[in-house]
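Structure record follows, encoded as structure tokens.
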Amino acid sequence: MPVLRVRDFEIHPGYFSTDEQAALVAELRAILAKAPLVQPVTPRGTPMSVRMSAAGEYGWISDRKGYRYEALHPSGVPWPPIPECLLTMWAALVPDARKPECCLINWYDPAARMGLHQDRDEADLTQPVVSVSLGDEALFRMGNTSRAGKTESVWLRSGDVVVMGGSARLAYHGIDRIRPNSSTLLPKGGRINLTLRVVT
Ligand code: MD6
Ligand code: FE
Numbered sequence: 001m002p003v004l005r006v007r008d009f010e011i012h013p014g015y016f017s018t019d020e021q022a023a024l025v026a027e028l029r030a031i032l033a034k035a036p037l038v039q040p041v042t043p044r045g046t047p048m049s050v051r052m053s054a055a056g057e058y059g060w061i062s063d064r065k066g067y068r069y070e071a072l073h074p075s076g077v078p079w080p081p082i083p084e085c086l087l088t089m090w091a092a093l094v095p096d097a098r099k100p101e102c103c104l105i106n107w108y109d110p111a112a113r114m115g116l117h118q119d120r121d122e123a124d125l126t127q128p129v130v131s132v133s134l135g136d137e138a139l140f141r142m143g144n145t146s147r148a149g150k151t152e153s154v155w156l157r158s159g160d161v162v163v164m165g166g167s168a169r170l171a172y173h174g175i176d177r178i179r180p181n182s183s184t185l186l187p188k189g190g191r192i193n194l195t196l197r198v199v200t
């Protein structure tokens, strides 16, 4: 399918086939059995609506002590390795980038959302972030490198991949809402978003 470009956001609709998505979900279930999803709280103590885990050398943690990358799950176990199909995708879509060190796993229930934010806890902001959507469709809002100005939104569907590089790397973005029951990939509905990042 053709690539959709919105500013510097590069959207690859249907990058993963239905079979590839199902195989990936099975791998994610095995990862979550070892590194269970946790509900993060902001440093002010407000619970976030998504639940998070990770694979790779680092996972991203948010709790009362702040936002940071950690080499261990809060339970003390290392994060499981990043699934091979995601490393292959990364190499194909961002061949000049360093290897991803974190695959953040975000679980959105039908009511979850993600406010407009920048991802900037990584040391090398020249490296792209690549995101994979699985399950229910999500309204993805894309803004500018400052909070001000116009935004544009697209519905991300299961199997879509978004590359955030160039000026999109530091652009504000977020998920306004999930469209419940819009995918049959996950038996109980909801959405999984994976974001691959270089951390160091
Ligand atoms: C998305 N996710 O769910 C985009 N960023 O399509 C994000 O932008 C994101 O889910 C930081 C942490 C978790 C996320
Ligand atoms: Fe983000």
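Numbering (our numbering), first residue to last: 1 to 200. Every residue, glycine too, gets a C-beta built ideally from N, C-alpha and C.
Check: DSSP three-state call for S227: helix, strand or coil?; Outcome: With the chain covering 1 to 200 only, the question about residue 227 has no answer from this structure.
Check: So, using beta-carbon positions, are E57 and C85 closer together than 8 Å?; Outcome: no
Check: In whole angstroms, what is the alpha-carbon distance linking A22 and L185?; Outcome: 7 Å
Check: Tell me whether D8 sits in a helix, a strand or coil according to DSSP, three-state version.; Outcome: coil
Check: Could you tell me the distance, in whole angstroms, from the CA atom of I178 to the CA atom of L32?; Outcome: 22 Å
Check: Which first and last residues belong to the beta strand (DSSP E) in which I105 is found?; Outcome: 102 to 108
Check: Measure the Cβ-Cβ separation of L196 and W90 and say whether it is below 8 Å.; Outcome: yes
Check: In whole angstroms, what separates the C-alpha of A26 from that of D8?; Outcome: 32 Å
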